[in-house]
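S.K.:
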Amino acid sequence: MSDEEIQTLNRPTAARTAPEQLRPTAPEPAVAPTPTWLGPVLLVGIVLAALNLRPAITSLGALFEETRTGLGMSGTVAGLITSVPALCFAVFGVTAPRLSRRFGPAAVVCAGMAAVAAGLLIRPFADGAAGFLAASALSLAGIALTNVLLPVIVKRYFPDRVGAMTGLYSMALAAGTSLAAAATVPMTAALGGSWRTGLLVWALLAVLAVLPWLAIAAAARREKRALRTALAATAEAAPAPRPDAGPGVLRSRTAWALGCYFGLQATGAYVTMGWLPQIFRDAGVSAGTAGVLLAVTMVMGVPLAFVIPRLAGRMRNQGPIAVTLGLFGLAGYLGLALAPAAGAWAWALLLGVSNCAFPLVITMIGLRAKSPAGVVKLSAFAQSTGYLISIPGPLLIGTLYQHSGGWDLPLALMACLIVPQLVLGVLAGRDRTIEDECGMGD
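According to my numbering, the residues represented by the sequence shown are -16 to 425, in order.
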């Protein structure tokens, strides 16, 4: 990390992030500088948190048949479990702004990581489907809170490097997703073959992620206490801004465009993760190769998740990137419909590129709001709205597949959904902020 970057981190958080119109007119009270160790610990904490945002889902997917058999799940309960992630992300993500205002974003992320670890520790020991579902929901609640607040952490502590830092944690998220999908089965076999052991292993990574966030949350709490003391001692200082100050996102067209864009890209991602291997197997591809093709699709997100946010952060308008990614997805779906086996590797690569709309939309959340309060509200709104939109997608694709007896109709639907995704990406990528749209100025 360069000296300039360290100096940026060492500037008091309030001075780095508060909008000009919310600062006191009197000289700011002296507050102790941010400790020098916080920057590196934040980097480690962000990466470890991102690594834990998907293994709870993809590790279960790899062992789902064994888990279902071991717990005696009915088909209905199994279908419910596959729909729980998006539902939890939507429901619990809404609570993130309120919790962040009350306790601070670092403390909530720390609690979220603890919830992920607790759920992953408990669920392998569940005796029935109800207990397993409850433990999974606990982990997913922690993931939902962290999903919403990581962009806030980036905006608060790295305001000048939103694209680069978003790229870093998006790359870590993609790495955790593909690692859990690819390594869970062989690791389970190496540890004795029990699905319970295979799922339990991922709790260790979650426990490791809690440690840096304990230190980050403690530092944030000390900084907040010192700032309150300094403000109280400065009689002529203007009142501190309300912690929930920020724009009303419901009035912002950009917020709605981001939420709907998030929902359509999430629909494509969940359909890919849930159904792509089956599409290839129905086309005559072996089960082993179909699994490798899915891994290829997921792995594409690792390098691109770092490149795309950095590129987006340097552009005033991110619409062209959204259009490019959408066209890759359109080509992938059309290829799957026309020649699924002959061009399998090409279609897997194209869909892998298209799925990188996720790091793009996360980057745009940080760019479309000026203040941390705005980012909190926009992140919660866009992600909760988006995940609600994505819930029916995989279920609808499965229903169409079952009743039509093939993949032509489901793939045609996915190709058609790319069109509104392109339009929404252009609208969300325009160079404006939700504060501007809500009349809050600079």
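Cβ coordinates follow ideal geometry from the N, Cα and C atoms, glycine included.
Values in this document were obtained by computation on a predicted structure and should not be read as measured data.
#1: So what does DSSP say about S122, is it helix, strand or coil?
#2: Would A427 and V99 qualify as a contact pair, given that the criterion is a beta-carbon distance under 8 Å?
#3: Determine the contact status of G251 and T368, defining contact as a CB-CB distance below 8 Å.
#4: So, for A127: in the same chain, excluding its five sequence neighbours on each side, which residues have a beta-carbon less than 7 Å away from its beta-carbon?
#5: Please return the same chain residues whose Cβ sits closer than 7 Å to the Cβ of Y152, not counting the five positions on each side in sequence.
#6: Mapping the DSSP letters down to three states, classify P160 as helix, strand or coil.
#7: Out of A198, M96, V193 and A164, point me to the one whose CA is closest to L182's CA.
#8: Please report the Cβ distance between F263 and P323, rounded to the nearest whole angstrom; I am assuming they are in contact, meaning their Cβ atoms lie under 8 Å.
#9: Please return the same chain residues whose Cβ sits closer than 8 Å to the Cβ of A192, not counting the five positions on each side in sequence.
#10: Are three or more beta carbon pairs between the region 336 to 351 and the region 292 to 303 nearer than 8 Å?
#11: So, with DSSP's three-state summary, where would you put C71?
#12: Is the beta carbon of L317 sitting closer than 8 Å to the one on A398?
#13: Identify every run of the alpha helix (DSSP H) within the region 13 to 49, keeping only runs that are complete inside it and at least 4 residues long; order them along the chain.
#14: Within this structure, are the beta carbons of G46 and G111 separated by less than 8 Å?
#15: For the candidate residues P23, Q404, I417 and R236, whose alpha-carbon lies nearest to that of A249?
#16: To the nearest whole angstrom, what separates the beta carbons of G102 and S119, a pair I think is in contact under 8 Å?
#17: Excluding the 5 residues flanking A189 on each side, which residues of the same chain have their C-beta closer than 6 Å to its C-beta?
#18: Find the nearest neighbour of A329 within the set V285, L276 and R234, judged by alpha-carbon distance.
#19: Go to Y263, then tell me how far its alpha helix (DSSP H) extends in each direction, as first and last residue.
#20: Does DSSP put K353 in a helix, a strand or coil?
#21: To the nearest angstrom, how far is the alpha carbon of L197 from that of A117?
#22: Please name the residue in T19, A340 and G408 whose C-alpha comes closest to that of L287.
#23: Can you look up W390 in the DSSP assignment and give me helix, strand or coil?
#24: Does the beta-carbon distance from G150 to V306 come in below 8 Å?
#25: According to DSSP, is C93 part of a helix, a strand, or is it coil?
#26: Kindly indicate which three-state DSSP category M56 falls into: helix, strand or coil?
#27: Quick check: the Cα distance between G284 and R211, rounded to an integer number of angstroms?
#28: For F426, does the count of other Cβ atoms within 10 angstroms reach 16, so buried, or fall short, so exposed?
#29: Tell me whether the beta-carbon of W390 lies closer than 8 Å to the beta-carbon of A320.
#30: Can you find the residues in the same chain that come closer than 7 Å, C-beta to C-beta, to G146, ignoring five residues on each side of it along the sequence?
#31: Which two residues bound the contiguous alpha helix (DSSP H) that contains P303?
#32: Mapping DSSP to helix, strand and coil, what is C399?
#33: Going by DSSP in three states, S367 sits in which element: helix, strand or coil?
M.R.: Let's see:
#1: Numbered from its first residue, the sequence shown carries residue 122 at position 139. Here S122 sits in helix by DSSP.
#2: Residue 427 is absent from the model: the chain starts at -16 and stops at 425.
#3: Numbered from 1 along the sequence shown, position 268 holds the residue referred to as residue 251. Numbered from 1 along the sequence shown, position 385 holds the residue referred to as residue 368. Going by C-beta atoms, G251 is not nearer than 8 Å to T368.
#4: Indexing the sequence shown from 1 puts residue 127 at position 144. Within the same chain, A127 has close Cβ partners C71, F72, F75 and G76.
#5: The sequence position of residue 152 within the sequence shown is 169, counting from 1. These residues qualify, in order along the chain: I29, V30, A33 and L133.
#6: Stepping through the sequence shown from its first residue, residue 160 is reached at position 177. Here the sequence assigns Thr to residue 160, which means Pro is not the residue at that position. DSSP places T160 in helix when its eight states are reduced to three.
#7: Taking the first residue of the sequence shown as 1, we reach residue 182 at position 199. Among A198, M96, V193 and A164, the Cα nearest to that of L182 belongs to A164.
#8: Start at 1 with the first residue of the sequence shown, and residue 263 comes out as number 280. Start at 1 with the first residue of the sequence shown, and residue 323 comes out as number 340. Confirmed, Cβ separation roughly 6 Å.
#9: Translated into positions along the sequence shown, residue 192 becomes position 209. Correct list, in chain order: G28, L31, A32, L34, N35, M96, V99 and A100.
#10: yes
#11: As a first step, residue 71 must be located in the sequence shown, where it is residue number 88. The answer is helix: DSSP assigns C71 an H, G or I state.
#12: In the sequence shown, the residue the question calls residue 317 occupies position 334. In the sequence shown, the residue the question calls residue 398 occupies position 415. In this structure, A398 lies closer than 8 Å to L317 by Cβ.
#13: 21 to 34 and 38 to 45
#14: By one-based count along the sequence shown, residue 46 stands at place 63. By one-based count along the sequence shown, residue 111 stands at place 128. Per the sequence shown, residue 46 should be read as Leu rather than Gly. Contact: no.
#15: On the sequence shown, position 266 is the one that residue 249 refers to. Among P23, Q404, I417 and R236, the Cα nearest to that of A249 is on Q404.
#16: Counting from 1 along the sequence shown, the entry for residue 102 is found at position 119. Counting from 1 along the sequence shown, the entry for residue 119 is found at position 136. Confirmed, Cβ separation roughly 6 Å.
#17: Within the sequence shown, residue 189 is the residue found at index 206, counting from 1. Contacts found: N35, V99, A100 and L103.
#18: Within the sequence shown, the letter at position 346 stands for residue 329. The option with the nearest alpha carbon to A329 is L276.
#19: Walking along the sequence shown from the start, residue 263 turns up at place 280. Looking at the sequence shown, residue 263 is not Tyr but Phe. F263 -> alpha helix (DSSP H) spans R236 to D265.
#20: Numbered from its first residue, the sequence shown carries residue 353 at position 370. Three-state DSSP puts K353 in coil, outside helix and strand.
#21: The residue given as residue 197 occupies position 214 in the sequence shown. The residue given as residue 117 occupies position 134 in the sequence shown. Spanning the two alpha carbons is a distance of roughly 25 Å.
#22: To locate residue 287, count along the sequence shown from 1; it is residue 304. Comparing Cα positions, the closest option is A340.
#23: As a working mapping, residue 390 is identified with position 407 in the sequence shown. Coil.
#24: Walking along the sequence shown from the start, residue 150 turns up at place 167. Walking along the sequence shown from the start, residue 306 turns up at place 323. No, these two residues do not count as a Cβ contact at 8 Å.
#25: Start at 1 with the first residue of the sequence shown, and residue 93 comes out as number 110. The answer is helix: DSSP assigns C93 an H, G or I state.
#26: The residue you call residue 56 lines up with position 73 of the sequence shown. Coil.
#27: Counting from one through the sequence shown, the residue named residue 284 turns up at place 301. Counting from one through the sequence shown, the residue named residue 211 turns up at place 228. Taking the straight line from one Cα to the other gives about 42 Å.
#28: Only positions -16 to 425 of the chain appear in the structure, and residue 426 is not among them; the question remains open.
#29: Indexing the sequence shown from 1 puts residue 390 at position 407. Indexing the sequence shown from 1 puts residue 320 at position 337. Contact: yes.
#30: Locating residue 146 in the sequence shown gives position 163, counting from the first residue. Closer than 7 Å at Cβ, skipping near neighbours: P292, R293, A295, G296, R297 and T346.
#31: Position 320 of the sequence shown, counting from 1, holds the residue named residue 303. G302 to L321 is the span of the alpha helix (DSSP H), which, as asked, contains P303.
#32: Numbered from its first residue, the sequence shown carries residue 399 at position 416. Correct three-state label for C399: helix.
#33: As a first step, residue 367 is located in the sequence shown; it is residue number 384 there, counting from the start. Correct three-state label for S367: helix.
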